[in-house]
Amino acid sequence: MTKDNIIIIGGYGHVGKILCTELSEMFPGKVFAAGRSMERAAEFSKQSGGKVLPLQLNIYEPIDPSILKQAKIVIMCLDQENTELVRACLQHGVHYMDITANAAFLSKVEQCHQEARAYQATALLSVGLAPGLTNLLALQATQLMDQTDELNISLMLGLGDEHGQAAIEWTVDQIHTDLEVMEQGRPVIRKSFGDGRVADFGAGVGRYRAYRFPFSDQQTLPRTLGIPTVSTRLCFDSRLTTRLLAGIRTTGISGLLRQQSVRNAVVRSFGKLRLGGNAVAVKVDARGTLHGKETKVECQLRGHHQSDLTAKAGVFAALALYRSELPHGVFHMEQCFSWNRMREWLGQRVAVDIQVNGQQV
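Position in the sequence shown counted from 1, then plus 857, gives you our numbering.
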C-alpha cells in the first residue's frame, strides 16, 4: 500500500484551506481536508474541483489506523491537549507537522523525540509565522554574533486582514493570561499584554509599542538556540486597539473575558473589526557579542496577509517532510532550516532588512 497521502486536520479552516489548495496543485488527489464536519470538508472539496478530497476526522477520538497506513504526512491546524494523535502518527511512520502556537502542548510533543526516531518518523513544530518565521529570524540573528544574550521579538498584525475564527478565539483567550518566559536563564512569570516595548518595524510601517503575548517561540528558543533571555510581543496596526487592550489588562477589566458571554462578544467584535489594513511585520532585536565587542542585530520582515504567510511557510516545511529530507525525531523549524532558504522561498512576498550595529548585511 502506497503511503503518499497528505492529511490536513482543520483543512477547511482559514489557514488549512490555503495549505490544501497549494499542496493539491502539486499533489492532486493526494491532499485531504480533514475535520469533524464531513459537510464542510465535502463543500471545500467541491470548490477545489476535486483536487482536495474530504475526510471526516475528530481529533478527540482515536484516529482510524487505515487512514495512517496510506498517509505520508499529517498536518495539524487545530489546538490539542494531549499527544495521542501525534504518537499514533509517529508509530505508523507518518511524519507530523504542527502550525499551532501552544507552548505547553509543543513541549509535550518534544518528549516523543526517541519514539519518533524509533519509528523513523519526523515531527516538525513551530511552523508558520509566529512561531515559525520568527524562529528562523531569531536563528539568523544569533548566527551573526558569537554569543547572544537577549532576544526580543515583536509582531504587528493588521486588523483589516482576514483572521480565522480559531485564531481570533485563541488571541482573545490569551489577553488575560500569565506566561512563563526565560530571563537570564531563569523562568519568570509575566502578564500577557503588559510590559510594553517600542519596536521599529522599518520602512512603510514605523514604530509601534508592542506588549507581551504568549507565542510559543519565546519558550522554545532558549532551549533550541541557548539564549538566556527571550520575549515575544504583539501589537496591531491600530494603535488605539493595542492601547485599549493594554489598558483593560492593566486595570483588570480583562478578567471579564473569563465570562463566556463577554468572551464571545469580544470574539465576534474582533471578527468584524476592519480598523486597519492587511499588513504584517516582524522585528527581532538581539543583543550579544561579536569578536569580544557588544553587538546589536536587528531583523525586520514586512509583508501582507498573516494567513498567507503562515500557509506559505507551512507548504515549505511540508515539502521537506514529503521528500523525507529531515532527520527522524522531533524538531522545531530553526533546528532544520536556515533563514536564507526560507527567504528564497518567500521571494517577493516579503521585504527583509537585517542590520548589525546599524550596518546593512
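Glycine is no exception: its CB is placed at the ideal position from the N, C-alpha and C atoms.
Item, Value
"Is it right to say serine 923 is buried, meaning 16 or more other beta carbons lie within 10 angstroms of its own, or is it exposed?", "exposed"
"If I'm right that threonine 1093 touches glycine 1061 with Cβ under 8 Å, what's the distance once you round it to whole angstroms?", "The amino acid at residue 1093 is misidentified as threonine; the sequence shows phenylalanine. That pair is no contact at about 16 Å."
"Are there 16 or more other CB atoms within 10 angstroms of the CB of lysine 1169, so buried, or fewer, so exposed?", "buried"
"Ignoring anything shorter than 3 residues or poking outside the stretch 1108–1192, list the beta strand (DSSP E) runs there in chain order.", "1136–1147, 1150–1161, 1186–1189"
"Output the distance between the C-alpha atoms of glycine 892 and tyrosine 869, rounded to the nearest integer angstrom.", "7 Å"
"Kindly give me the distance between the Cβ atoms of threonine 1005 and glycine 1145, rounded to whole angstroms, as I take these residues to be in contact under 8 Å.", "4 Å"
"Hey, out of Gly1104, Leu994, Phe901, whose CA is closest to glutamate 1199's CA?", "Note on identity: in this sequence residue 1199 is methionine, with glutamate being the wrong assignment. Measuring from the Cα of methionine 1199, the nearest candidate turns out to be Leu994."
"In terms of DSSP beta bridges, what is leucine 1091 paired with?", "Leu1012, Tyr1068"
"Give the DSSP-derived three-state secondary structure of proline 919 in the structure shown.", "coil"
"What residues match up with aspartate 1035 in a beta bridge as DSSP calls it?", "Lys1048"
"Relative to the C-alpha of glycine 886, which candidate in Ile916, Ile864, Leu935, Ala973 has its C-alpha closest?", "Ile864"
"Between the Cα of threonine 1077 and the Cα atoms of Asp1052, Leu982, Ala1143, which residue gives the shortest distance?", "Leu982"
"For cysteine 877, I'd like the list of residues in its chain whose CB is within less than 6 Å of its CB, leaving aside the five on either flank, ordered along the chain.", "Ile865, Gly868, Val888, Ala890, Val909"
"Could you check where the beta strand (DSSP E) with valine 1213 kicks off and where it finishes?", "1208–1213"
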